[in-house]
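Q: The opening position of the sequence shown corresponds to residue 0 in numbering that gives the first Met the number 0, with each subsequent residue numbered one higher.
C-beta atoms are modelled at their ideal positions from N, C-alpha and C, and glycine is treated no differently.
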Amino acid sequence: MRMITTLAMALLSISITLVSSAKLGVVQTESGRVQGTNKGTGLFTSVDVFKGIPFADTPGLWEKPKPHPGWDGVLKATKYAERCLQVTLLQTETRGSVDCLYLNIFVPQGLKLSSNLPVMVYLFGGAFLLGASNDLAILGDSLYDGKEMAERGNVIVVSANYRVGTLGFLSSGDTRMPGNYGLWDQHAAISWVRRNIAAFGGNPHNITIFGQSAGAASVNFQMLSPYSKGLFRRAISQGGVALSPWALQKEPMALTKKIARKVGCYRSDEDTMLTCLKMSDPVGLTMAGKIDILQILGNGVVMDLLELAPVVDGDFVPDEPARLFHNAADVDYMAGICSTDGHIFAGVDVPSINRKKANTTVEDVRDLLAGLTKEKGTAAVGSAFSVYSAHWGSNPDPAVVKKTVADIETDFLFLVPTQIALQLHANHSSGGRTFSYLFNMKTRIPGFPSWVEAEHSEDLQYVFGKPFATPLVYFPRHRDLSRNMIAYWTNFARTGDPGHGDSKVPVPWPTFGKTHHPFLTINHKMTKSSVGYDLRQNYVNYWTQMYSTLPSARRPQRE
Ligand SMILES: *[C@@H]1O[C@H](CO)[C@@H](O)[C@H](O)[C@H]1NC(C)=O
Ligand SMILES: *[C@@H]1O[C@H](CO)[C@@H](O)[C@H](O)[C@H]1NC(C)=O
Ligand SMILES: *[C@@H]1O[C@H](CO)[C@@H](O)[C@H](O)[C@H]1NC(C)=O
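#1: Just the C-alpha distance for Thr543 and Asp533, rounded to the nearest angstrom, thanks.
#2: Between which two residues does the alpha helix (DSSP H) holding Met333 run?
#3: Output needed for Lys513: all residues of its chain with C-beta closer than 7 angstroms, excluding positions within five of it in sequence on either side, in chain order.
#4: Using DSSP's beta-bridge definition, name the partner residues of Ile137.
#5: Assuming Phe438 is part of the beta strand (DSSP E), what are its boundary residues?
#6: Any chance the region 360-373 sits against the region 462-477, with 3 or more Cβ pairs inside 8 angstroms?
#7: What three-state label does DSSP hand Lys146 in the structure shown?
#8: Could you tell me the distance, in whole angstroms, from the CA atom of Gln556 to the CA atom of Val316?
#9: Determine the contact status of Tyr387 and Thr409, defining contact as a CB-CB distance below 9 angstroms.
#10: Relative to the C-alpha of Ala334, which candidate in Ile208, Pro68 and Gln85 has its C-alpha closest?
#11: Per DSSP, which one or two residues make a beta bridge with Lys38?
#12: Do the region 442-459 and the region 233-251 make contact, defined as three or more Cβ pairs closer than 8 angstroms?
#13: Is the closest heavy atom of ligand 1 to the C-beta of Leu116 under 8 angstroms?
#14: I'd like the list of long-range same chain contacts for Gly72, defined as Cβ closer than 8 angstroms, with 5 residues on each side in sequence excluded.
#15: Taking the alpha-carbon of Gly51 as reference, which of Gly35, Pro225, Lys146 and Leu273 has the nearest alpha-carbon?
#16: Quick check on Ala328: does DSSP put it in helix, strand or coil?
#17: Please determine whether the Cβ atom of Asn353 lies at a distance below 8 angstroms from any heavy atom of ligand 1.
#18: Pick out every residue whose C-beta is nearer than 6 angstroms to a heavy atom of ligand 3: which are they, in chain order?
#19: For a test of your reading of the model: does the CB of Lys402 fall under 8 angstroms from any non-hydrogen atom of ligand 2? Yes or no.
#20: Would you tell me roughly how many angstroms separate the C-alpha atoms of Gly164 and Phe123, rounded to the nearest one?
#21: Can you determine whether any heavy atom of ligand 2 sits closer than 8 angstroms to the C-beta of Pro397, and answer yes or no?
#22: What are the start and end residues of the alpha helix (DSSP H) that includes Tyr538?
#23: State the Cα-Cα distance for the pair Val282 and Cys337, rounded to the nearest angstrom.
#24: Can you grab the Cα-Cα spacing for the pair Pro550 / Tyr541, in whole Å?
#25: Can you pull the DSSP bridge partners for Asn103?
#26: Can you look up Met484 in the DSSP assignment and give me helix, strand or coil?
#27: Starting from Ile189, follow its DSSP beta bridges and name the residues at the other end.
#28: According to the neighbour-count rule (16 or more other Cβ atoms, all chains shown, within 10 Å of its Cβ), is His342 buried or exposed?
#29: Within the continuous alpha helix (DSSP H) that includes Met272, where are the two ends?
#30: Is DSSP giving Met0 helix, strand or coil here?
#31: Answer yes if the region 121-137 comes into contact with the region 37-48, meaning at least three C-beta pairs across the two stretches below 8 angstroms, and no otherwise.
#32: Who are the near neighbours of Trp183 in its chain, counting only those whose CB is closer than 8 angstroms to its CB and skipping five residues on each side?
#33: I'd like to know if the region 437-445 and the region 319-334 are in contact, where contact means that at least 3 CB-CB pairs between them fall below 8 angstroms.
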């Protein structure tokens with residue numbers, strides 16, 4: 000008996016060896032050969048992982064990315080490349096390198112080598128100041144590790160670096176130093192994927208780009224650029240669009256002068272100043288881009304600190320983003336937000352909202368509104384306050400007032416711009432479908448007030464399958480949510496409709512149209528009633544109709 004079992008085991012193990020999953024081995028790209036690693040994920044499944052493939056040469060200071068010269072032999076693509084030079088989280092020093100234009104590829108394999116798979120290219124967030132394609136490795140793999148998504152959704156996942164901070168986004172506002180270098184890097188990465196992904200088993204005609212926060216706004220900028228014509232078919236913005244007030248620098252020269260002062264390059268003659276900047280040390284320039292938190296004392300708000308951002312350069316971004324949606328007419332677009340996306344910003348602007356022992360006053364709320372609506376002078380404060388306090392009653396619960404502060408920031412920074420982008424996309428569509436969502440899974444961050452729902456970035460752990468990769472720190476409800484989000488996201492990449500594709504979803508997701516505005520509420524308990532209509536319509540109407548008709552005050556000089 001025992002011998003038979005041993006024999007059976009031996010035969011089984013032989014057959015497993017003979018029919019183990021396929022793997023890519025060495026892959027030929029346009030610049031040379033690369034070899035990654037193959038990670039087993041199940042009995043007959045695995046993921047081929049390539050880390051640190053260059054998609055462009057080391058870029059010159061404030062120059063567009065250039066093609067990589069190529070290499071001989073086989074490049075070992077087994078380690079993440081360095082992140083692009085940036086300030087550290089504490090902003091006391093820099094990290095990373097100017098040699099940073101690399102991407103990573105995750106290819107799911109079964110018994111047969113994969114071919115013609117949909118491709119999803121991820122653009123990281125970090126306020127255009129920080130971040131990398133391999134960011135946030137807290138429990139083992141990076142938050143953006145693509146293995147779970149690739150495996151569970153049967154798609155190729157790609158993540159790419161791009162320049163951030165001063166080196167990525169400084170601009171003179173004209174052709175001398177046009178700006179948007181980080182956007183050009185993203186474009187170069189997506190174009191590399193388009194030219195090379197077939198060799199990895201991907202379908203170059205089936206590319207979806209997706210991103211979160213500054214990465215989500217970047218996704219939107221890529222869609223709106225005339226340079227993207229035909230480059231990708233679909234796009235997903237998670238918590239940010241090009242219309243977000245923090246996503247566009249409207250006075251780039253004022254910022255450039257400020258940076259020039261910090262590195263000793265300020266001159267009254269602009270050409271001399273720019274020449275001096277171009278000869279400066281990249282590390283010093285990067286440090287000069289750090290956020291000065293003291294600046295928000297007075298009537299400032301956190302939003303004002305996010306100064307290094309894309310610009311209208313007359314080239315990659317030829318006009319105001321709101322006027323460019325015709326360029327995305329045939330791209331399928333899915334966009335949404337986390338329900339308390341603005342909470343971390345609100346907590347800096349109005350610290351009392353997170354303090355148990357303090358109340359937030361009417362004056363705090365008015366000050367916040369004044370800070371956010373500075374460009375309208377004081378004209379908007381009264382009308383905005385009456386809209387946001389309409390549900391308070393005569394003696395509001397302190398928690399209601401606090402939540403109102405978070406709602407104001409969520410609406411202003413994320414929700415309203417996203418709704419406008421969705422409408423503009425739907426209104427200009429020539430076949431591209433539009434989908435809207437609200438992610439409101441209760442936060443997992445301990446210590447926050449009970450009214451906080453989904454915090455900024457909290458959607459990412461589910462999209463990237465962390466409840467499966469690190470099961471011990473999650474509950475089954477988190478795995479249900481993660482499975483469903485991966486299904487919606489990868490179905491969308493496969494078919495252009497998140498409700499249709501290889502993966503089962505709990506409820507169909509209706510398309511957002513010119514006059515019909517459904518949205519899907521995403522959490523761990525999804526049913527037919529998860530479909531709602533006209534997300535926060537009162538507030539969206541206030542900002543898009545009432546607020547936008549108020550005349551702008553003269554903007555204060557920010558130099
Ligand atoms: C995209 O991929 C899906 C699934 O593999 C396929 O059905 C569809 O035809 C592809 N689209 C194009 C344009 O190749
Ligand atoms: C906050 O407001 C509540 C209700 O109005 C009141 O009972 C409480 O004493 C206030 N707390 C503080 C610290 O002022
Ligand atoms: C989109 O079109 C609808 C219907 O024509 C219109 O009411 C709406 O204002 C448009 N939205 C935007 C943001 O232009």
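A: Let me spell this out:
#1: 14 angstroms
#2: Counting along the chain, Met333 falls outside any alpha helix (DSSP H), though it belongs to the beta strand (DSSP E) covering Asp331 to Cys337.
#3: Ala425 and Asn426
#4: Looking at the DSSP assignment, Ile137 forms no beta bridge with any residue, so it has no partner.
#5: Thr433 to Phe438
#6: no
#7: helix
#8: With a pLDDT of 43 at Gln556, under the threshold of 50, the modelled position of that residue is not reliable, and no figure is offered here.
#9: no
#10: Ile208
#11: Val46
#12: yes
#13: yes
#14: Gly31 and Arg32
#15: Gly35
#16: coil
#17: no
#18: Ile419, Gln422, Leu423, Asn426, Lys513 and Thr514
#19: no
#20: 14 angstroms
#21: yes
#22: Gln536 to Asn540
#23: 34 angstroms
#24: 15 angstroms
#25: Ser158
#26: helix
#27: None; Ile189 has no bridge partner.
#28: buried
#29: Glu269 to Lys277
#30: Reliability of the predicted coordinates at Met0 is poor, the pLDDT of 49 falling under 50, and no value is obtained from them.
#31: no
#32: Lys63, Pro64 and Phe315
#33: no
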